[in-house]
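Since the structure comes first, as C-alpha cells, the remarks are kept for the end.
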Amino acid sequence: MKHLYLNVLAYLIMIAVNIAAETIPINEQTTGEISNRLPVFIQPANYAFSIWGFIYVLLAIWLLYSFFPSRRSLPIYSETSLLFIVSCLLNSLWIIVWHYELFLLSVVVMLSLLVTLLLLYRKLTVLMTQEFERVPFSVYLGWIIIASLVNISYYLVYINWDVFVSAQVIWTIVFLFFGFAIALSFRVTYLDRWIPLVISWAYVGIGIKQFNSNPFLSYVAFGLAGVLLISSIFIKKKSF
Numbered sequence: 003m004k005h006l007y008l009n010v011l012a013y014l015i016m017i018a019v020n021i022a023a024e025t026i027p028i029n030e031q032t033t034g035e036i037s038n039r040l041p042v043f044i045q046p047a048n049y050a051f052s053i054w055g056f057i058y059v060l061l062a063i064w065l066l067y068s069f070f071p072s073r074r075s076l077p078i079y080s081e082t083s084l085l086f087i088v089s090c091l092l093n094s095l096w097i098i099v100w101h102y103e104l105f106l107l108s109v110v111v112m113l114s115l116l117v118t119l120l121l122l123y124r125k126l127t128v129l130m131t132q133e134f135e136r137v138p139f140s141v142y143l144g145w146i147i148i149a150s151l152v153n154i155s156y157y158l159v160y161i162n163w164d165v166f167v168s169a170q171v172i173w174t175i176v177f178l179f180f181g182f183a184i185a186l187s188f189r190v191t192y193l194d195r196w197i198p199l200v201i202s203w204a205y206v207g208i209g210i211k212q213f214n215s216n217p218f219l220s221y222v223a224f225g226l227a228g229v230l231l232i233s234s235i236f237i238k239k240k241s242f
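Structure, rendered in C-alpha cells:
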C-alpha cells in the first residue's frame with residue numbers, strides 16, 4: 003500500500019505546482035505567456051492545451067482505481083510506481099525551469115519526462131491485462147511527444163538557430179512528419195489508437211494557428227492529422 007500513497011503524493015505535488023504556475027504565478031508569468039512570446043510554428047493554438055485537464059483527470063482516475071481492494075496488489079501499480087513518481091516530479095520540475103526561462107534545461111527535463119513515460123508505457127504494456135489501464139498514459143505520452151517537439155523548437159527559435167522564416171517552416175514540417183511516424187509506429191506496434199488521436203488533436207491545433215500566416219504548413223498539419231485520425235479508426239483493435 004505504501005507505493006499507492008506515494009503515487010498520490012507525487013500526483014498532488016504535480017497538480018499543486020501546475021496550479022501555482024497559473025495562479026501565483028511562478029516568476030510572475032504564466033506558462034502560456036512564455037510559450038506565446040516567440041513565433042514557434044509547431045506550437046498548437048491555445049485551446050489545444052486544454053488536453054492537460056483531460057490528462058490529469060485520467061491520471062486521477064487511474065490512481066483512485068488502484069485503491070480498489072481487488073487491485074491494490076496488482077503489479078501494474080507496484081512495478082510502475084517509481085516511474086510514475088519520477089514522471090510527476092519531472093513534470094513539476096519542468097514548470098519551474100520553464101518559468102525561470104532556463105530553456106535549454108527545460109528541453110533536458112522534457113526529454114527526461116518523455117523517456118520516463120516511454121518506460122512506464124512499455125512496463126504497462128508488458129504487465130497489463132486490459133487496455134483501459136494504459137489509456138491515461140497513452141494520452142499523456144502522446145501529448146508529451148508533441149510537447150517535446152514544441153520545446154525543442156522554442157529553444158531553437160530562442161537562440162536564433164535560423165533567422166529565416168522559410169527555414170523554420172522546413173524543419174517544422176520535418177518535426178511534423180517525425181511525430182506522425184512515431185504515432186503510426188505506436189498504432190501498428192501496440193495497436194494504440196489514443197496516441198495517434200492525441201497527436202492528430204495537436205496537429206489540428208497547429209494547422210488552425212498557422213492557417214493565415216503559413217497556409218502550406220497548415221495544410222501539411224491538417225493532412226497528417228487526417229491520416230492519423232483514419233488510422234485510429236480503421237486499424238483493428240487488439241484484444242488484451
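For what it's worth, my numbering labels the leading residue of the sequence shown as 3, then goes sequentially.
Note that the Cβ used here is the ideal one computed from N, Cα and C, for glycine as well.
In this text, all values refer to a predicted model and were calculated from it rather than measured experimentally.
CB-CB length for residue i against residue j, believed under 8 Å
i, j, result
"Gln45", "Ser37", "6 Å"
"Val115", "Ser89", "At residue 115 the sequence reads Leu, which differs from the Val that was named. Between Ser89 and Leu115 the Cβ distance is about 6 Å, and since that is below 8 Å, they are a contact."
"Asn29", "Tyr102", "5 Å"
"Pro77", "Leu129", "5 Å"
"Phe105", "Tyr160", "5 Å"
"Val176", "Leu60", "Going by Cβ atoms, the distance from Val176 to Leu60 rounds to 30 Å, so no, they are not a contact pair."
C-alpha gap between residue i and residue j, whole angstroms
i, j, result
"Tyr123", "Leu40", "32 Å"
"Thr82", "Pro217", "43 Å"
"Tyr142", "Ala183", "18 Å"
"Phe188", "Ile237", "12 Å"
"Arg74", "Phe139", "19 Å"
"Leu230", "Val171", "21 Å"
"Leu226", "Asn9", "36 Å"
"Leu6", "Val222", "43 Å"
"Phe242", "Ile147", "No answer about Phe242 holds up, because its pLDDT of 38 lies below 50 and its placement is not dependable."
"Gly144", "Ala204", "9 Å"
"Gln254", "Ser155", "Coverage of the chain is limited to positions 3 through 242, which leaves residue 254 absent and any answer about it impossible."
"Val109", "Ser150", "7 Å"
"Trp54", "Leu119", "15 Å"
"Ser220", "Val190", "26 Å"
"Thr127", "Val117", "15 Å"
"Val206", "Leu85", "31 Å"
"Glu133", "Phe70", "18 Å"
"Lys240", "Tyr58", "Its pLDDT being 48, under 50, Lys240 is placed unreliably in this model, and the value from its coordinates should be taken loosely. Whole-angstrom Cα-Cα distance: 26 Å."
"Thr25", "Thr32", "8 Å"
"Ile98", "Tyr157", "16 Å"
"Thr174", "Asp194", "25 Å"
Range of the contiguous alpha helix (DSSP H) that encloses residue i
i, result
"Glu24", "Lys4 to Thr25"
"Glu133", "Note, Glu133: premise wrong, no alpha helix (DSSP H); not H, not E."
"Ile161", "Note, Ile161: premise wrong, no alpha helix (DSSP H); not H, not E."
"Ser80", "Pro77 to Ser80"
"Val42", "Taken as a continuous stretch (DSSP letters only), Val42 belongs to no alpha helix (DSSP H), as it is neither H nor E."
"Leu230", "Pro217 to Phe236"
"Glu103", "Element bounds for Glu103: n/a, residue is neither H nor E."
"Pro71", "No alpha helix (DSSP H) holds Pro71; DSSP gives it neither H nor E."
"Ser37", "Thr33 to Ser37"
"Ala199", "At residue 199 the sequence reads Leu, which differs from the Ala that was named. That run of the alpha helix (DSSP H) goes Trp196 to Gln212."
Practice task
State whether the stretch 64–74 contacts the stretch 195–203, with contact taken as three or more CB pairs (one from each stretch) at a distance under 8 Å.
Solution key: no
Handout entry: At least 3 beta-carbon pairs within less than 8 Å: the stretch 16–24 vs the stretch 93–106
Key = yes
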